[in-house]
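Numbering (the UniProt record's numbering), first residue to last: 1 to 104.
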């Protein structure tokens, strides 16, 4: 999945909140839904989108499915951010230099 597709998945605030909750613990869909004003089918759809993007994984235990963050799914985002980590510091330094020149 491309970084653009992952950003589209994470554009939804509910999916971001689900991902944040899963960052701290492995949870079932029922546990994930606690605190959200959405139906179980809606939560299942959010989980399916996150799984399809490779951002979470599922572990079956009997009839229960437990979900957790899949760190490898974040790799496209890390690559995207790495491009800009190198880009911005030099741009900011150039801006600082320009502002100093303007002040003199």
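Think of the CB as a built atom: it goes at the ideal place given N, C-alpha and C, for glycine as much as any other residue.
CA-to-CA distance, residue j to residue i, given in whole angstroms
i	j	result
residue 111	residue 47	What is shown of the chain runs 1 to 104, which leaves residue 111 out entirely.
residue 165	residue 14	As displayed, the chain neither begins before 1 nor continues past 104, which places residue 165 out of reach and without an answer.
residue 95	residue 81	21 Å
residue 70	residue 90	33 Å
residue 93	residue 72	33 Å
Which listed residue (the options) has its alpha carbon closest to that of residue i
i	options	result
residue 26	84, 89 and 59	59
residue 30	66, 49 and 12	66
residue 10	28, 51 and 104	51
Cβ-Cβ separation, residue j to residue i (assumed contact under 8 Å), whole Å
i	j	result
residue 55	residue 19	6 Å
residue 53	residue 102	Their Cβ separation, rounded to whole angstroms, is 45 Å, which puts residue 53 and residue 102 out of contact at 8 Å.
residue 12	residue 79	Not really, about 22 Å apart at Cβ, beyond 8 Å.
Any non-hydrogen atom of the ligand ATP within 7 Å of residue i CB
i	result
residue 103	This structure does not include the ligand ATP; it has no bound ligands of any sort.
Cβ neighbour criterion (16 or more within 10 Å) applied to residue i
i	result
residue 6	buried
residue 33	buried
residue 98	exposed
query = Any chance the segment 37–46 sits against the segment 78–88, with 3 or more Cβ pairs inside 8 Å?
reply = no
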